[in-house]
Amino acid sequence: MLKKTILRIITLIGIIVIIISIAGIITSVYITTRPTVKTATENKSVKDTIKNTNKPQSNLYNILSMGDSIANGTGDENGKGFADYYAESYKKNTSKKVNVNNIAVNGEVSDGLCQILRNKQTAPIIEGSSIIFISIGGNEIKQFATSNDTTSMVSSNNVENHYLSNLKNVFKIIRSENSNCTIVFIGLYNPFGDELTQDELGLLEDWNYETQKFVSQDSNAVYVPTYDLFQYNINKYLTIDNFHPNSQGYQAIARRIEETLRFH
Amino acid sequence: MFKKKLLLVLAILLVEIIAFAYGENNTYKKTIENYTKSQSTNYNWNPFISQEIQNLRNRLNYSSLKASDKKSIQIQIDQYNYDLQNNISPLGTTAAKFTGTIMEQSVIMLLPLLIIIFAGDSVSGEFSARTIKVLLTRAVPRWKILLSKFIAIIITSAIVVIETAFISLIVSKITFRSWGLMEPLATGFKVVGGKIDASNIIEIYQWQYLLLVYSLGFFIAIVIASISFTISILVKNTAASISIMMAALIGGSILQAFIDDWPFAKYFFSVNLRLPQYLTGSFKAVDGMNLTFSMTVLLVWAIVALIVGFYTFYKQDVLV
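Going down the list, the protein sequences come from chains V and Z. Heads up: the first sequence at position 98 corresponds to 750 in the working numbering, and the numbers run straight through without jumps. Heads up: the second sequence at position 178 corresponds to 186 in the working numbering, and the numbers run straight through without jumps.
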């Protein structure tokens with residue numbers, strides 16, 4: 653009797669599993685074969701962005717942040733970044749509507765930035781911006797700092813020259829779209845502290861110097877150094893990955909930008 | 009005999025799943041430990057995730073994203089949000105994820121082997137034990153005897169699949185603590201022109217995914233049972249029938265490596281066992297291979313095997 657009940661229960665479970673499985677198998681096949689539905693939402697948000705950023709208007713202050721993860725705000729616990737902090741404080745002193753566009757990409761190098769700028773969809777955003785923040789180069793120089801062999805100064809010179817020619821292109825493209833906007837270039841800081849050798853430190857300083865020299869050729873562009881800002885504050889300003897700034901770090905950068913542009 | 013085997017399968021599943029869960033948990037702890045050691049701060053993933061969500065939102069707002077990329081990003085954001093709300097570390101795992109992975113991984117080897125334990129000797133065992141004579145002297149047609157054996161194997165397969173699900177769920181719930189059944193994930197990938205196409209993905213919950221994966225697991229169990237059943241009729245020797253099946257399974261995983269150069273290999277049944285991979289999109293795209301194709305191949309193998317098996321059993325002389 654007991655055996656019979658157990659058998660019945662087992663059979664019942666079996667049948668239930670079979671039924672559920674048939675449903676599951678049919679669903680699986682359906683999911684992987686159903687026809688592609690064309691979504692009309694494509695490009696919608698891009699258009700929105702463009703709409704918001706049409707030509708610099710007197711009542712609109714558009715901030716554009718481009719470049720690498722620093723420009724993106726990676727590491728900030730609040731998910732902001734220096735562009736947003738700058739926008740927050742700028743809002744207090746103006747009646748204009750302040751807008752932040754962030755087209756920075758984590759891990760970006762100067763080659764990638766050039767590509768993004770050549771993209772047609774970027775043009776209207778640049779055109780509509782009142783001020784542009786650029787942070788780039790950190791990922792290129794990071795390779796030298798983290799690889800242990802100090803492979804000849806020749807290859808580092810090559811990288812630096814390549815970077816500078818890319819930077820030249822970046823400025824050229826921006827100026828061809830927008831000749832009035834202020835360009836703020838954020839200099840590199842040293843996240844590695846004492847770990848860097850003298851040679852590597854020299855490379856970083858030279859990199860910053862060459863960048864600054866180039867940026868100053870544009871009359872409406874300014875180079876904002878962060879090297880000194882982070883030098884004694886690494887523990888306070890870096891986030892847990894010990895590479896990107898934390899919220900405080902980004903606020904410090906934003907404050908420095910404000911000071912630089914105070915009477916602009 | 010049958011009960012003993014069911015217990016044996018239960019024991020195998022229990023030991024293996026506990027080992028997997030322990031290993032998984034150990035890896036997680038090691039990662040955290042290494043992190044803490046190298047960064048000299050406690051591992052706190054909350055800011056990382058908030059940051060990542062912010063980055064993804066930014067990406068959604070700008071740039072020439074395709075609609076398909078947008079969908080993947082949106083699902084990723086939903087996943088992170090769920091992790092945040094339920095305090096699930098993105099490095100760690102949940103009961104639902106673990107249970108799904110167990111079936112994804114075991115369809116090519118572990119599950120078929122467990123099924124072979126039952127199906128491999130259902131007929132040959134009668135020959136070895138010389139009970140076939142007694143069975144055939146009953147006034148029941150031969151096909152009915154065979155059919156009842158086959159139905160018994162199907163029900164047993166169902167029990168094995170259910171057992172796998174329950175043991176995984178319970179063990180992983182104890183190990184990883186969180187269920188994670190409502191966590192969203194992406195599915196609905198296609199192969200278009202030799203590439204995995206994500207333009208048509210949809211978002212489903214982990215529990216729905218589990219149902220799908222275990223359904224596919226059950227399908228594979230039935231196919232393996234059918235083939236193994238027929239081989240046990242043909243060779244009349246339990247050891248030989250089990251070895252043949254094992255050779256076919258292992259051969260299949262080796263064949264997988266040659267599938268690009270030798271397209272004919274995709275018609276072999278054990279190359280097509282990885283059905284769950286079509287749901288997760290984590291597979292090597294081979295032209296012409298998709299869920300429907302693999303399932304058709306498996307189904308054809310199973311049906312042909314059953315026809316051969318029934319025919320042979322019906323015609324053969326039993327001289328024991």
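Backbone N, C-alpha and C fix where the C-beta goes; we use that ideal spot for every residue, glycine too.
is_contact[residue i, chain Z] using C-beta, thresh 8 Å
{"i": "E729 of chain V", "result": "yes"}
{"i": "G676 of chain V", "result": "yes"}
{"i": "R908 of chain V", "result": "no"}
{"i": "S673 of chain V", "result": "yes"}
{"i": "T663 of chain V", "result": "yes"}
{"i": "N751 of chain V", "result": "no"}
{"i": "N754 of chain V", "result": "yes"}
{"i": "T685 of chain V", "result": "yes"}
{"i": "N724 of chain V", "result": "yes"}
{"i": "T679 of chain V", "result": "yes"}
{"i": "N758 of chain V", "result": "yes"}
Contact with chain V by residue i, beta-carbon distance below 8 Å
{"i": "I175 of chain Z", "result": "no"}
{"i": "D295 of chain Z", "result": "no"}
{"i": "K13 of chain Z", "result": "no"}
{"i": "A103 of chain Z", "result": "no"}
{"i": "D129 of chain Z", "result": "no"}
{"i": "P192 of chain Z", "result": "no"}
{"i": "F266 of chain Z", "result": "no"}
{"i": "K38 of chain Z", "result": "no"}
{"i": "A166 of chain Z", "result": "yes"}
{"i": "K274 of chain Z", "result": "no"}
{"i": "L306 of chain Z", "result": "no"}
Cβ neighbour criterion (16 or more within 10 Å) applied to residue i
{"i": "N706 of chain V", "result": "Unreliable positioning characterises N706 of chain V in this predicted model, as indicated by a pLDDT of 49, which lies under 50. A coordinate reading is not provided."}
{"i": "P149 of chain Z", "result": "exposed"}
{"i": "P687 of chain V", "result": "exposed"}
{"i": "L224 of chain Z", "result": "buried"}
{"i": "M297 of chain Z", "result": "buried"}
{"i": "G260 of chain Z", "result": "buried"}
{"i": "N842 of chain V", "result": "buried"}
{"i": "P776 of chain V", "result": "buried"}
{"i": "M303 of chain Z", "result": "buried"}
{"i": "V168 of chain Z", "result": "buried"}
{"i": "F237 of chain Z", "result": "buried"}
{"i": "R770 of chain V", "result": "exposed"}
{"i": "T693 of chain V", "result": "Confidence in T693 of chain V is poor, its pLDDT being 44 and thus under 50, which makes the residue's placement too unreliable to answer from."}
{"i": "L15 of chain Z", "result": "exposed"}
DSSP beta-bridge partners of residue i
{"i": "E211 of chain Z", "result": "Z:A194"}
{"i": "A873 of chain V", "result": "V:I835"}
{"i": "I784 of chain V", "result": "V:L716, V:I835"}
{"i": "V750 of chain V", "result": "V:Y713"}
{"i": "I204 of chain Z", "result": "Z:V199"}
{"i": "P897 of chain V", "result": "V:L890"}
CA nearest to the CA of residue i, picked from the options
{"i": "I677 of chain V", "options": "Z:Y36, Z:F318, Z:S97, Z:Y286", "result": "Z:Y286"}
{"i": "K749 of chain V", "options": "V:N711, V:V836, V:S828", "result": "V:N711"}
{"i": "I26 of chain Z", "options": "Z:I110, Z:V221, Z:I125", "result": "Z:I110"}
{"i": "N4 of chain Z", "options": "Z:Q87, Z:L154, Z:I163, Z:S130", "result": "In the structure as shown, chain Z begins at 9 and stops at 328. Residue 4 of chain Z is therefore absent and cannot be evaluated."}
{"i": "I252 of chain Z", "options": "Z:N89, Z:S58, Z:I235, Z:F135", "result": "Z:I235"}
{"i": "K888 of chain V", "options": "V:Y875, V:Y902, V:F785, V:Y861", "result": "V:Y902"}
{"i": "T102 of chain Z", "options": "Z:P192, Z:N63, Z:I83, Z:I230", "result": "Z:P192"}
{"i": "V221 of chain Z", "options": "V:I683, V:S747, V:I667, V:G666", "result": "V:I683"}
{"i": "I661 of chain V", "options": "Z:Y322, Z:I163, Z:E24", "result": "Z:I163"}
{"i": "F860 of chain V", "options": "V:E847, V:S871, V:D880, V:F844", "result": "Looking at the sequence itself, residue 860 of chain V is Asn, so the reference to Phe does not match. N860 of chain V has its Cα closest to that of V:D880, out of V:E847, V:S871, V:D880, V:F844."}
{"i": "V308 of chain Z", "options": "Z:F106, Z:V231, Z:I96, Z:V115", "result": "Z:V231"}
{"i": "L313 of chain Z", "options": "Z:L281, Z:K181, Z:V23, Z:L242", "result": "Contrary to the premise, residue 313 of chain Z reads as Ala rather than Leu in this sequence. Considering only alpha carbons, the answer is Z:L242."}
{"i": "S899 of chain V", "options": "V:D736, V:M653, V:I755, V:S680", "result": "V:D736"}
{"i": "L119 of chain Z", "options": "Z:R282, Z:D77, Z:Q216", "result": "Z:R282"}
{"i": "R185 of chain Z", "options": "Z:K12, Z:L14, Z:L22, Z:A29", "result": "Z:A29"}
{"i": "V669 of chain V", "options": "Z:T172, Z:A248, Z:G289, Z:S249", "result": "Z:T172"}
Cross-chain neighbours of residue i in chain B, by beta carbon under 8 Å
{"i": "L154 of chain Z", "result": "Protein chains V and Z are contained in the structure displayed, whereas chain B is not."}
Note to self: Does the segment 741 to 755 of chain V come into contact with the segment 807 to 819 of chain V, if we say contact requires no fewer than three beta-carbon pairs (one atom in each stretch) closer than 8 Å?
What the structure shows: Taking 8 Å as the limit for Cβ pairs, the verdict is that the segment 807 to 819 of chain V does not touch the segment 741 to 755 of chain V.
Check: Pairing CB atoms from the segment 195 to 212 of chain Z with CB atoms from the segment 50 to 66 of chain Z, are three or more of them under 8 Å?
Finding: no
Check: Does the segment 175 to 186 of chain Z come close enough to the segment 133 to 142 of chain Z to have 3 or more Cβ pairs within less than 8 Å?
Finding: no
Next item on the list: Report yes or no: do three or more beta-carbon pairs, one from the segment 152 to 163 of chain Z and one from the segment 259 to 278 of chain Z, lie closer than 8 Å?
Entry: no
Next item on the list: Flag this pair as touching only if the segment 759 to 773 of chain V and the segment 729 to 737 of chain V have three or more C-beta atom pairs under 8 Å; answer yes or no.
Entry: no
Margin query: When you compare the segment 854 to 862 of chain V with the segment 812 to 827 of chain V, are there three or more beta-carbon pairs, one atom per stretch, that lie closer than 8 Å?
Written below: yes
Check: Touch check for the segment 121 to 128 of chain Z and the segment 85 to 94 of chain Z: three-plus C-beta pairs under 8 Å?
Finding: no
Margin query: With three or more C-beta pairs closer than 8 Å as the rule, is the segment 711 to 720 of chain V touching the segment 779 to 796 of chain V?
Written below: Contact between the segment 779 to 796 of chain V and the segment 711 to 720 of chain V is present, because at least three Cβ pairs lie under 8 Å.
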